[in-house]
Ligand code: ADP
């Protein structure tokens, strides 16, 4: 009985075969479904699925053939595995390769054999074969059907797709773990209740805690405090909103407490993790911003000193230019007059900038004094409109105020400054013929004033950023629209000094809406 030759790709073929992890496993029902189908389809007593090692055959399914005999059919399947296509032996007794095969000369007296190679990962690793005790013909259609059945076995059971996908998943998981370990920022995973489910090494280092001590801890209660170190309810934490509504949360001016009770200023973003349609948790990326704070305060100090130094000479330059422009020092020719006007405009802009810088610096350092007095909101709102009226007229914008009849304690001039700044911006970024609105709502514990416009709007990515000094949607905005880039930072400072909040909402291209929420600290006095 001539032995079958070894396939040329034998080492790779054996690797593909072993990668299936099917060799030492017992015969399986799932393969039987196919062999049963083959028995019915070809009207044969025997059908096998066999995987062919270099010197052994592994039966994954065996219908109508005693297992011990199957070992003898090895030479059939070893030959079949060498064939690129179906191997058909119509009469084994007449074929020198198989005539003396014990399965031919004895039980079960194989006469007919048709085996289609089974491929995995491009290599022939086994056969699906049908066997009969009598010789018979195998038509082209029969070959096609056997090939189709073999293709089903390949796709359903021998595809390496699953192990490849698992391997890729493991690889990407290990990459992810490397990235998380290498990240300088603290990264924490939270479950829907805000409890830590994961913490990277940077997070553990920043919080000076072991990962085992962090996992399961409700992060907000354990470590999150306001800038002044006081705790506040979880329901008011931006991360709580992220977990509830899926809205990204951002904190720039709060603190995290370390395991030893000390704290550091933190900046973090919270992003919801979605699983199908529900929010399954959030990822918090945070940094200790102590050193950035130090640099910022040095920078602020520098800017403040320069601004103070600039103020006195600027005032005298402005005064002298004013005198020249008024003609009090004698006539100036028209070209000279134009030059003086440009100098006056630029000096005014510089004065505004210096004043705004100093204002912001005083607000941030807590040096500006706030005088809270009972203020009638309706008259404050109307005063704000009167203040911006010239700008609105020049821009052809209609400012519509719906006054709120409510009295509360505020620093009148400072809140007026906020409203005129918001209205001024709304006018600046509207087109002629547009309408700008100022409305208000009185809630149980706060009043919300809203300035809305129908101008170009603000992209979502800039909605938080524009409250930082000199931050604009477009780098040319301040220059083009005559602003200083500090209005919103100052407004935020003023509102926060009142214990309130200010935020912007917008859809790029569809106008902007700025809201100011001011707490009603003193008992509300309804006006009649
Ligand atoms: P500026 O003096 O530049 O107006 P602000 O701090 O008041 O400074 O505003 C910062 C930036 O925010 C503006 O330059 C502009 O890019 C954007 N912005 C503010 N209000 C609006 C608005 N109503 N519509 C569109 N963009 C706005």
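In this note's numbering, the protein residues as written are 12 to 539. No residue lacks a Cβ here, since even glycine has one placed at the ideal position from N, Cα and C.
Helix, strand or coil at residue i [DSSP, three-state]
{"i": "residue 28", "result": "helix"}
{"i": "residue 117", "result": "coil"}
{"i": "residue 21", "result": "helix"}
{"i": "residue 475", "result": "coil"}
{"i": "residue 264", "result": "strand"}
{"i": "residue 463", "result": "strand"}
{"i": "residue 307", "result": "helix"}
{"i": "residue 536", "result": "Low local confidence applies: a pLDDT of 40 at residue 536 is under 50, so the model's placement there is unreliable, and no value is given."}
{"i": "residue 178", "result": "helix"}
{"i": "residue 385", "result": "strand"}
{"i": "residue 197", "result": "strand"}
{"i": "residue 243", "result": "coil"}
{"i": "residue 483", "result": "coil"}
{"i": "residue 184", "result": "helix"}
{"i": "residue 428", "result": "helix"}
{"i": "residue 468", "result": "coil"}
{"i": "residue 218", "result": "helix"}
Residue i Cβ short of 8 Å to the ligand ADP heavy atom set
{"i": "residue 525", "result": "yes"}
{"i": "residue 541", "result": "Any question about residue 541 goes unanswered here, given that the chain covers just 12 to 539."}
{"i": "residue 450", "result": "no"}
{"i": "residue 205", "result": "no"}
{"i": "residue 482", "result": "yes"}
{"i": "residue 488", "result": "yes"}
{"i": "residue 477", "result": "yes"}
{"i": "residue 436", "result": "yes"}
{"i": "residue 515", "result": "yes"}
{"i": "residue 502", "result": "yes"}
{"i": "residue 473", "result": "yes"}
{"i": "residue 498", "result": "yes"}
{"i": "residue 485", "result": "yes"}
{"i": "residue 464", "result": "yes"}
{"i": "residue 433", "result": "yes"}
{"i": "residue 440", "result": "yes"}
Start and end residues, beta strand (DSSP E) containing residue i
{"i": "residue 155", "result": "Premise fails: residue 155 lies in the alpha helix (DSSP H), 151-168, not in any beta strand (DSSP E)."}
{"i": "residue 209", "result": "207-210"}
{"i": "residue 228", "result": "Here residue 228 belongs to no beta strand (DSSP E), and DSSP marks it neither H nor E."}
{"i": "residue 144", "result": "Residue 144 -> no beta strand (DSSP E), and no H or E assigned at all."}
{"i": "residue 508", "result": "Residue 508 -> not in any beta strand (DSSP E); alpha helix (DSSP H) instead, spanning 498-508."}
{"i": "residue 420", "result": "418-421"}
{"i": "residue 74", "result": "68-74"}
{"i": "residue 98", "result": "98-100"}
Bridge-paired residues (DSSP) for residue i
{"i": "residue 292", "result": "284"}
{"i": "residue 514", "result": "526"}
{"i": "residue 138", "result": "61 and 128"}
{"i": "residue 248", "result": "Paired residue(s): none; residue 248 is not in a bridge."}
{"i": "residue 446", "result": "409"}
{"i": "residue 235", "result": "267"}
{"i": "residue 88", "result": "The partner list for residue 88 (beta bridge, DSSP) is empty, contrary to what the question assumes."}
{"i": "residue 320", "result": "Residue 320 pairs with nothing; no bridge assigned."}
{"i": "residue 276", "result": "266"}
C-beta contact flag for residue i and residue j at 9 Å
{"i": "residue 139", "j": "residue 201", "result": "no"}
{"i": "residue 127", "j": "residue 120", "result": "no"}
{"i": "residue 318", "j": "residue 368", "result": "yes"}
{"i": "residue 97", "j": "residue 123", "result": "no"}
{"i": "residue 528", "j": "residue 511", "result": "yes"}
{"i": "residue 505", "j": "residue 526", "result": "no"}
{"i": "residue 164", "j": "residue 50", "result": "no"}
{"i": "residue 143", "j": "residue 55", "result": "yes"}
{"i": "residue 415", "j": "residue 399", "result": "no"}
Residue span of the alpha helix (DSSP H) that contains residue i, given as start and end
{"i": "residue 46", "result": "40-53"}
{"i": "residue 370", "result": "345-376"}
Check: residue i C-beta below 8 Å from any heavy atom of the ligand ATP
{"i": "residue 495", "result": "No copy of the ligand ATP occurs in the structure displayed; its ligands are the ligand ADP alone."}
Min CB distance residue i to chain D below 9 Å
{"i": "residue 220", "result": "Absent here is chain D; the protein component of the structure consists of one chain."}
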